[in-house]
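Asker:
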Amino acid sequence: MKSNASFLYALALILGDFIALLAAFIVAYILRVTLDSRSLINQISSIEYLKTWIMLLPVWLLIFGFLGLYRRNVYDYRWKEMVHLAIGSILGVMTIITYDFIVDEPIFPARLVPAYGLVVGFLLLVLGRTLMRAARMFMWRTGFGVNNVLVIGAGQSLKNFVSGLNHPSRTGYRVVGIATKDELPKKLQHLQIEDYKEALAVVGSTNVYTIVVTGLDDDSRVANEALATAQANHIAYKYIPSQAGMLSNNIDVELFQGLPVVSVHQTALTGWGRIVKRLFDIIASGFGIIILSPVYLLIALVIWLSDFGSPLFKQDRLSRFNTIIHIYKFRTHNKRYSGMSPEEAFTAMGKPQLIKKYRENGDFLKKDPRVTPIGRFLRKTSLDELPQLFNVFKADISLVGPRALVPQELKNYAYKDLILSVKSGITGLAQISGRKSIGFEERRALDLYYVQNWSFWLDIKILFRTVIDVLTGRGAK
Numbered sequence: 009m010k011s012n013a014s015f016l017y018a019l020a021l022i023l024g025d026f027i028a029l030l031a032a033f034i035v036a037y038i039l040r041v042t043l044d045s046r047s048l049i050n051q052i053s054s055i056e057y058l059k060t061w062i063m064l065l066p067v068w069l070l071i072f073g074f075l076g077l078y079r080r081n082v083y084d085y086r087w088k089e090m091v092h093l094a095i096g097s098i099l100g101v102m103t104i105i106t107y108d109f110i111v112d113e114p115i116f117p118a119r120l121v122p123a124y125g126l127v128v129g130f131l132l133l134v135l136g137r138t139l140m141r142a143a144r145m146f147m148w149r150t151g152f153g154v155n156n157v158l159v160i161g162a163g164q165s166l167k168n169f170v171s172g173l174n175h176p177s178r179t180g181y182r183v184v185g186i187a188t189k190d191e192l193p194k195k196l197q198h199l200q201i202e203d204y205k206e207a208l209a210v211v212g213s214t215n216v217y218t219i220v221v222t223g224l225d226d227d228s229r230v231a232n233e234a235l236a237t238a239q240a241n242h243i244a245y246k247y248i249p250s251q252a253g254m255l256s257n258n259i260d261v262e263l264f265q266g267l268p269v270v271s272v273h274q275t276a277l278t279g280w281g282r283i284v285k286r287l288f289d290i291i292a293s294g295f296g297i298i299i300l301s302p303v304y305l306l307i308a309l310v311i312w313l314s315d316f317g318s319p320l321f322k323q324d325r326l327s328r329f330n331t332i333i334h335i336y337k338f339r340t341h342n343k344r345y346s347g348m349s350p351e352e353a354f355t356a357m358g359k360p361q362l363i364k365k366y367r368e369n370g371d372f373l374k375k376d377p378r379v380t381p382i383g384r385f386l387r388k389t390s391l392d393e394l395p396q397l398f399n400v401f402k403a404d405i406s407l408v409g410p411r412a413l414v415p416q417e418l419k420n421y422a423y424k425d426l427i428l429s430v431k432s433g434i435t436g437l438a439q440i441s442g443r444k445s446i447g448f449e450e451r452r453a454l455d456l457y458y459v460q461n462w463s464f465w466l467d468i469k470i471l472f473r474t475v476i477d478v479l480t481g482r483g484a485k
């Protein structure tokens, strides 16, 4: 999506909840330990107490996440938000108490501390979210974070939707165009565009962040074109269906003005899942970089001593939203051909006949003359991929994702906009399904499956299979 306002607001909520809960248990400590003269069950210093809670509170926030407290639709229903905050707070305290019971080191200096923390925490959470809501509405009034919407459709549902939605300071949405042939009320006529194709044609050059289709269940052609435009421009697509028009994959349903509004996600990787995946990438890649640092130095030294060339190889690849990134690998080619395209390299070495064979074999040659003996070992063991952990840590790519495409490959890819709706990965379904031994179409189909069916558990399974394949050499060539 072009607008990250909702995502940034969710991150602000996470930070606000963390601060509120930490402050609550600091207050609980002061009330029971500092101000209360009664004896304590456990002698725990304030510093140790604070360190423990800083480490444990992310678990509490995960519970909030699974309860949906960082989704946009919760923000519009205060009673639902407060009920979920209460449930999440109780579950959070119970989880921490259970942990305290299991571990050898005590967490609470007295039994009243979790009770105080629960009550004060709930009050501070409600207060913090109330202030955040007020700040968000203030920003909407100034125009910051407002989501520009193009509405396409017909009938009374379109008029009802636009009338209820077009209040930026209250809803965070601004209708910037209405593609319909219906007669609109006077106050909306300046937004009317009679030809929907004309409206879709300018989406890429305007600040439209969401396309909404309503009242067109009998005209799938318009809806399909709108969805394709949304995918090509990496913006949100929503529709208001009849019962027969409901989809079953990658959707969220919200009620707005009594109408079911369906958000059709380009990928299952949205919202809270996206945050969890990024946190996992940071932790895992950071840990890997530290643990493998001696291996990095050794490989770099061996490559440099072999021909006194640079140990690293940099290549332009595509990641999320068609962003060009620099992927780093250990150099496996002879330094004379490093940086050349396959066509340039094979021509330079006097073997242009290999170009066709290389391309027909899925960009692979079993005995590639560009590759050095050390390079063959690095490729066989996948050690040449290790520098990409730095790309993961920098958020260029993810540990798991579709294969990072070379820009020149893009013209050969159908559904390229869908594949590029998520970050590319070091490993993925294509790599663990035979890596170089499977064809182009199979790799693309596996990438599409991953994008549309992502789950954190799927990432874990892919990483586990990758480790097994690397250790056994299965699939590597």
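Counting in my numbering, the sequence shown runs from 9 upward without gaps.
Beta carbons are placed, not taken as given, at the ideal position from N, Cα and C, and that holds for glycine.
No experiment lies behind these values; they were computed from the predicted model shown.
For the candidate residues 26, 470 and 407, whose alpha-carbon lies nearest to that of residue 134?
Answerer: Checked all of 26, 470 and 407; the closest Cα to residue 134 is 26.
Asker: Following the continuous alpha helix (DSSP H) through residue 401, name the residue where it begins and the one where it ends.
Answerer: It spans 396-401 - the alpha helix (DSSP H) in which residue 401 sits, taken as one unbroken run.
Asker: By DSSP, does residue 318 sit in helix, in strand, or in coil?
Answerer: Reduced to three states, the DSSP call for residue 318 is coil.
Asker: On the DSSP bridge list, what partners appear for residue 338?
Answerer: DSSP, once it has assigned bridges, lists 320 as partnering residue 338.
Asker: Whole angstroms is fine: what's the gap from residue 46's alpha carbon to residue 284's?
Answerer: So the two alpha carbons sit approximately 42 angstroms from each other.
Asker: For residue 407 and residue 314, what's the separation of their Cα atoms in angstroms?
Answerer: Near 30 angstroms, if we compare the C-alpha coordinates of residue 314 and residue 407.
Asker: Can a CB atom of chain C be found closer than 9 angstroms to the CB of residue 79?
Answerer: The displayed structure is made up of one protein chain only, and chain C is not part of it.
Asker: For a quick check, are the C-beta atoms of residue 390 and residue 478 less than 9 angstroms apart?
Answerer: Closer than 9 angstroms, so yes.
Asker: Over what stretch of residues does the beta strand (DSSP E) that includes residue 155 continue unbroken?
Answerer: That run of the beta strand (DSSP E) goes 155-161.
Asker: Let me check understanding here. Comparing Cα to Cα, which of 424, 467 and 334 lies closest to residue 456?
Answerer: Closest by alpha carbon: 424.
Asker: Looking only at C-alpha atoms, which of 329, 426, 156 and 309 sits nearest to residue 235?
Answerer: The shortest Cα separation from residue 235 among 329, 426, 156 and 309 belongs to 426.
Asker: For the region 274-305, list the alpha helix (DSSP H) runs that are entirely contained and at least 4 residues long, ordered along the chain.
Answerer: Entirely contained in the region 274-305, the alpha helix (DSSP H) runs reaching 4 residues are, in chain order, 279-299.
Asker: Would the beta-carbon of residue 491 fall within 9 angstroms of that of residue 170?
Answerer: This structure gives no information on residue 491, because the portion of the chain shown stretches from 9 to 485.
Asker: Provide the residue span of the beta strand (DSSP E) that contains residue 245, from first to last.
Answerer: That run of the beta strand (DSSP E) goes 244-248.
Asker: Please classify residue 131 as buried or exposed, where buried requires at least 16 neighbouring CB atoms within 10 angstroms.
Answerer: Exposed.
Asker: Have a look at 364, 345 and 409 and flag the residue whose alpha-carbon is nearest the alpha-carbon of residue 318.
Answerer: Taking only the C-alpha atoms, the option nearest residue 318 is 345.
Asker: Tell whether a beta-carbon distance below 9 angstroms holds between residue 32 and residue 96.
Answerer: No.
Asker: Just the C-alpha distance for residue 351 and residue 360, rounded to the nearest angstrom, thanks.
Answerer: Their backbone Cα atoms lie some 7 angstroms apart in a straight line.
Asker: Could you tell me which residues DSSP pairs with residue 181 in its beta bridges?
Answerer: For residue 181, which the question treats as bridged, DSSP gives the partners 155.
Asker: Pull up the distance between the alpha-carbon of residue 179 and that of residue 125, whole angstroms please.
Answerer: Taking the straight line from one Cα to the other gives about 34 angstroms.
Asker: Can you tell me which of 434, 431 and 340 puts its alpha carbon nearest to the alpha carbon of residue 388?
Answerer: With distances taken between Cα atoms, residue 388 lies closest to 340.
Asker: Which whole runs of the alpha helix (DSSP H) in the region 192-247 are 4 residues long or more, in chain order?
Answerer: Whole alpha helix (DSSP H) segments, 4+ residues: 204-209 and 228-241.
Asker: At what residues does the alpha helix (DSSP H) containing residue 476 begin and finish?
Answerer: Residue 476 -> alpha helix (DSSP H) spans 464-480.
Asker: Measuring CA to CA, which of 301, 335 and 190 is closest to residue 224?
Answerer: When each option's Cα is compared against that of residue 224, the closest is 190.
Asker: To the nearest angstrom, report how far apart residue 121 and residue 428 are at their CA atoms.
Answerer: Distance between the alpha carbons of residue 121 and residue 428 is about 49 angstroms.
Asker: On the criterion of 16 or more Cβ atoms from any shown chain inside 10 Å, does residue 247 qualify as buried, or is it exposed?
Answerer: Answer is buried; the Cβ neighbour count reaches 16.
Asker: Report yes if the CB atom of residue 245 is closer than 9 angstroms to the CB atom of residue 216, and no otherwise.
Answerer: For residue 245 and residue 216, no; Cβs fall outside 9 angstroms.
Asker: Is it right to say residue 495 is buried, meaning 16 or more other beta carbons lie within 10 angstroms of its own, or is it exposed?
Answerer: Past the boundaries of the shown model lies residue 495; the chain is included only from 9 to 485, so the question cannot be answered.
Asker: For a quick check, are the C-beta atoms of residue 394 and residue 476 less than 9 angstroms apart?
Answerer: Their beta carbons are not under 9 angstroms apart, which means residue 394 does not touch residue 476 by this criterion.
Asker: Quick one: grab the DSSP three-state call for residue 3.
Answerer: No information on residue 3 is available, as it lies outside the stretch 9 to 485 that the chain covers here.
Asker: Where does residue 202 land, buried or exposed, given buried means 16+ other C-beta within 10 angstroms?
Answerer: Answer is exposed; the Cβ neighbour count stays below 16.
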